[in-house]
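Protein chains in written order, with the numbering used here: chain A, 1187 to 1440; chain B, 4 to 318.
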């Protein structure tokens, strides 16, 4: 089976973000960017499916400006076979919105016929948590979101997926093709080794212009203003446990 | 405006998240209807009918929906939308609704606004981005506004005072795709993280799964829920459903006690709206002190047992 995996280039999880002076967006001009952590988990899972001989081919797909190739290369260094770069100059944290991303992925699906899409459950820039569910809806495929365990059946006709639900875990069986979204617990992504990084440079990345896919890229969410959250003022340090208890009692919290 | 709320299953009561959603829907204005599915749909529907401000409750007492399978939930919600043409469809922003609502949105060719934390008008909402480090004011321009709402952003509607009509939800055809196999719920006598009035959370400083017992003992003395930072979860000290932060649960209790937590951005995103924050950490430079009302620089292995010991017992 062929597995498609989405890789989004987003602000590094440890980077501090600032708002642009015009308050129209977050300033990403000089911020460290990286593969979205949930996408990295999705890539790892896809590569493991290949190592278990369940998947024959793993294709890493990224949508974004030319630098999006960096995260495709990273996926290739982790073990993906080839990449598809869908190019757009729209900002992927607010202009190119989840519904349009899902439509782009649906268009690629028609052309390349994957048996599964593995996606991160959420990108840590727009924090939407929508694309996997939307893609499954557009394709009319079953979906298994927030996966913490994925097991493909021997005949490769279905997958048993354990999902993180409120208060516990749920296990469902989804017929393939399906869309699966990765949660934190699914695996721990590997570090790409130097030889694999070198090898990844020779792997192929096809480029497609997003505008050429016949998809409506305009979003229905207009960002009016982006601002900083209300800051919280630091309080005081307390000397010891007794002092802490006294403060909490005085505040009526105990 | 007319809003349909997809309620979380509540095991016979209106869930706290659903009550907050009712308040959000009232802020939009117009009528408020509620759709409830799940194993206890009949009992939940009775409870939801009493919630102040709810006009109609649609009960989907249906086997296919008992486990919240997204394909079937989507079909059922679309049938309800087809019959009633709502201007807004919303659900609490918990894993239950996050699973199916974007699928509903895609089927309607509409955008979804995730994690709405404030409502400024029929089409204008505030939502967090970048782990809550940026707040976007957005205008939804689609014909149907679809949104998940954060329980911490809205007071709970009163569970009494309403007298809504309970009706059977419109019929739908099961998609018959995904099949439910099993469910394993974490059993706990402690309050739920997202609705507890006191939360104690442990971080990397706890050092081991065994040491997490300290947090449970502290929690029991305070009748608190127990949370954890992502670092503690990643290190295997506790289960993932305890994670508080951008990628875990968002909490805003009256009292939040962070123990051995440095205060990474992604953790702060999940708890900085708590009313009072206390931290115990031996590193006085830790960022957590910057958001804490009361900070105690101490070795947690000494301070936590002492605090547990000296706390008055809750009746």
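All C-beta atoms, glycine included, are put in the ideal place defined by N, C-alpha and C.
Rounded to whole angstroms, what's the CA-CA distance from residue 242 (chain B) to residue 1348 (chain A)? Just pull it up for me.
Within the second chain, numbered from 1, the residue matching residue 242 (chain B) stands at position 239. Within the first chain, numbered from 1, the residue matching residue 1348 (chain A) stands at position 162. So the alpha carbons of these two residues sit roughly 15 Å apart.
For residue 300 (chain B), go through chain A and note every residue whose CB falls closer than 7 Å to its CB, in chain order.
For this step, residue 300 (chain B) is matched to residue 297 along the second chain. Think of a sphere of 7 Å around the beta carbon of residue 300 (chain B): the chain A residues whose beta carbon falls inside it are 1423, in chain order.
Starting from the C-beta of residue 1383 (chain A), find all residues in its chain whose C-beta is less than 6 Å away, skip the five residues before and the five after it, and write them out in chain order.
Reading the first chain from its first residue, position 197 is the one you call residue 1383 (chain A). Excluding residues within five positions, the ones whose Cβ falls inside 6 Å are 1263.
Just to confirm before moving on: does the CB-CB distance between residue 130 (chain B) and residue 116 (chain B) stay below 8 Å?
The residue given as residue 130 (chain B) occupies position 127 in the second chain. The residue given as residue 116 (chain B) occupies position 113 in the second chain. Contact check for residue 130 (chain B) against residue 116 (chain B) passes: the beta carbons are separated by less than 8 Å.
With distances taken Cα to Cα, identify the nearest neighbour of residue 1357 (chain A) among B:162, B:314, B:175, B:187.
Residue numbering aside, residue 1357 (chain A) sits at position 171 when the first chain is read from its first letter. For residue 1357 (chain A), the closest of B:162, B:314, B:175, B:187 by C-alpha to C-alpha distance is B:187.
Just reading off the beta strand (DSSP E) that residue 120 (chain B) is part of, what are its end residues?
In the second chain, residue 120 (chain B) corresponds to position 117, counting from 1. Run containing residue 120 (chain B): none; DSSP gives neither H nor E here.
Within 10 angstroms of its Cβ, does residue 192 (chain B) collect 16 or more other Cβ (buried), or is it exposed?
Taking the second chain and counting its residues from 1, the one referred to as residue 192 (chain B) is at position 189. Exposed, by the Cβ-count rule.
Tell me, please, whether the CB atom of residue 181 (chain B) is closer than 8 Å to any CB atom in chain A?
Within the second chain, numbered from 1, the residue matching residue 181 (chain B) stands at position 178. With 8 Å as the cut-off, residue 181 (chain B) counts as an interface residue toward chain A.
To which residues of the same chain is residue 69 (chain B) closer than 7 Å at the C-beta, ignoring the five residues directly before and after it?
Indexing the second chain from 1 puts residue 69 (chain B) at position 66. For residue 69 (chain B), where only same-chain residues beyond five positions count, the Cβ hits under 7 Å are 41, 42.
Boundaries of the alpha helix (DSSP H) in which residue 1225 (chain A) is found, first to last residue:
On the first chain, position 39 is the one that residue 1225 (chain A) refers to. Here the alpha helix (DSSP H) through residue 1225 (chain A) covers 1223 to 1237.
Own chain residues within Cβ distance below 7 Å of residue 297 (chain B), not counting five before or after
To locate residue 297 (chain B), count along the second chain from 1; it is residue 294. These residues qualify, in order along the chain: 281.
Integer-rounded CB distance, given that residue 1222 (chain A) should sit under 8 Å from residue 1310 (chain A):
Mapped onto the first chain, residue 1310 (chain A) falls at position 124. Mapped onto the first chain, residue 1222 (chain A) falls at position 36. Contact check for residue 1310 (chain A) and residue 1222 (chain A): beta-carbon distance about 6 Å, within the 8 Å limit, so the pair qualifies.
Could you check which residue in B:84, B:36, B:314, B:75 has the C-alpha nearest to that of residue 1431 (chain A)?
Sequence index remark: in the first chain, residue 1431 (chain A) carries index 245 (1-based). For residue 1431 (chain A), the closest C-alpha among the options B:84, B:36, B:314, B:75 is that of B:314.
Taking residue 145 (chain B) as the query, report the chain A residues whose CB atoms sit under 7 Å from its CB, ordered along the chain.
What you label residue 145 (chain B) is simply residue 142 of the second chain in a count that begins at 1. Correct list: 1406.
Report the three-state DSSP secondary structure of residue 215 (chain B) (helix, strand or coil).
Position 212 of the second chain, counting from 1, holds the residue named residue 215 (chain B). The answer is helix: DSSP assigns residue 215 (chain B) an H, G or I state.
Local Cβ density within 10 Å of residue 7 (chain B), reported as buried at 16 or more and exposed below that:
Counted from its first residue, the second chain places residue 7 (chain B) at position 4. By the neighbour-count rule (16 or more Cβ atoms within 10 Å), residue 7 (chain B) is buried.
Considering only residues of the same chain and omitting the five flanking positions on each side of residue 1295 (chain A), which have a CB-CB separation below 7 Å?
Counting from 1 along the first chain, the entry for residue 1295 (chain A) is found at position 109. Around residue 1295 (chain A): 1325.
Going by beta-carbon coordinates alone, are residue 1312 (chain A) and residue 132 (chain B) separated by less than 8 Å?
For the purposes of this step, residue 1312 (chain A) is taken as the residue at position 126 of the first chain. For the purposes of this step, residue 132 (chain B) is taken as the residue at position 129 of the second chain. Yes.
For a contact defined as C-beta to C-beta under 7 Å, what are the partners of residue 1320 (chain A) on chain B?
Within the first chain, the letter at position 134 stands for residue 1320 (chain A). Neighbours of residue 1320 (chain A) across chain B, judged by C-beta separation under 7 Å: 105, 106, 108, 109.
Quick one: which chain A residues come within Cβ less than 7 Å of residue 207 (chain B)?
By 1-based counting over the second chain, the position of residue 207 (chain B) is 204. Per Cβ cutoff of 7 Å: no residues; residue 207 (chain B) is ~15 Å from chain A at best.
Is there at least one Cβ from chain A nearer than 8 Å to residue 235 (chain B)'s Cβ?
For the purposes of this step, residue 235 (chain B) is taken as the residue at position 232 of the second chain. For residue 235 (chain B), no Cβ of chain A is located within less than 8 Å of the residue's own Cβ.
So, is the C-beta of residue 1240 (chain A) closer than 8 Å to a C-beta in chain B?
To locate residue 1240 (chain A), count along the first chain from 1; it is residue 54. No, residue 1240 (chain A) lies away from the interface with chain B (no Cβ there is under 8 Å from its Cβ).
Using three-state DSSP, classify residue 22 (chain B) as helix, strand or coil.
To locate residue 22 (chain B), count along the second chain from 1; it is residue 19. Residue state, collapsed to three classes: helix.
Using 8 Å for Cβ pairs, my map puts residue 1284 (chain A) next to residue 1314 (chain A). What's the rounded Cβ distance?
Within the first chain, residue 1284 (chain A) is the residue found at index 98, counting from 1. Within the first chain, residue 1314 (chain A) is the residue found at index 128, counting from 1. Right, the Cβ-Cβ distance comes to about 5 Å (below 8 Å), so this counts as a contact.
What in chain B is Cβ-close to residue 1433 (chain A), meaning under 7 Å?
Reading the first chain from its first residue, position 247 is the one you call residue 1433 (chain A). By Cβ distance, chain B contributes 297.
Given 7 Å as the limit, tell me if residue 266 (chain B) has its C-beta closer than that to any heavy atom belonging to the ligand COA.
Absence of the ligand COA is noted for the structure shown, with no ligands found whatsoever.
Please determine if the region 1373 to 1393 of chain A and the region 205 to 212 of chain B are in contact, where contact requires at least 3 C-beta pairs separated by less than 8 Å.
no
Hey, which unbroken runs of the beta strand (DSSP E) at 3 residues or more fall wholly within the region 1317 to 1382 of chain A?
Every beta strand (DSSP E) stretch that sits fully inside the region 1317 to 1382 of chain A and reaches 3 residues is listed by chain position as 1329 to 1338, 1344 to 1351, 1354 to 1361, 1364 to 1368.
Tell me the rounded alpha-carbon separation between residue 156 (chain B) and residue 1303 (chain A).
Against the second chain, residue 156 (chain B) aligns to sequence position 153. Against the first chain, residue 1303 (chain A) aligns to sequence position 117. One C-alpha to the other measures close to 33 Å.
Put residue 127 (chain B) into one of helix, strand or coil per three-state DSSP.
Indexing the second chain from 1 puts residue 127 (chain B) at position 124. Correct three-state label for residue 127 (chain B): strand.
Partner residues on chain A for residue 97 (chain B), Cβ-Cβ distance less than 8 Å:
As a working note, residue 97 (chain B) is residue 94 in the second chain. Within 8 Å Cβ-Cβ: 1352.
State the DSSP-derived secondary structure class of residue 1289 (chain A), mapped to helix, strand or coil.
Here residue 1289 (chain A) refers to the residue found at position 103 of the first chain. Residue state, collapsed to three classes: helix.
For residue 103 (chain B) and residue 1196 (chain A), what's the separation of their Cα atoms in angstroms?
Position 100 of the second chain, counted from the first residue, corresponds to residue 103 (chain B). Position 10 of the first chain, counted from the first residue, corresponds to residue 1196 (chain A). Going from the Cα of residue 103 (chain B) to the Cα of residue 1196 (chain A) covers about 25 Å.
Just reading off the alpha helix (DSSP H) that residue 307 (chain B) is part of, what are its end residues?
Numbered from its first residue, the second chain carries residue 307 (chain B) at position 304. Bounds of the alpha helix (DSSP H) holding residue 307 (chain B) are 303 to 313.
How many angstroms separate the CA atom of residue 1286 (chain A) from the CA atom of residue 1404 (chain A)?
Residue mapping note: residue 1286 (chain A) aligns to position 100 of the first chain, counting from 1. Residue mapping note: residue 1404 (chain A) aligns to position 218 of the first chain, counting from 1. Distance between the alpha carbons of residue 1286 (chain A) and residue 1404 (chain A): 7 Å.
In three-state terms, what does DSSP make of residue 1395 (chain A)?
Sequence index remark: in the first chain, residue 1395 (chain A) carries index 209 (1-based). DSSP places residue 1395 (chain A) in strand when its eight states are reduced to three.
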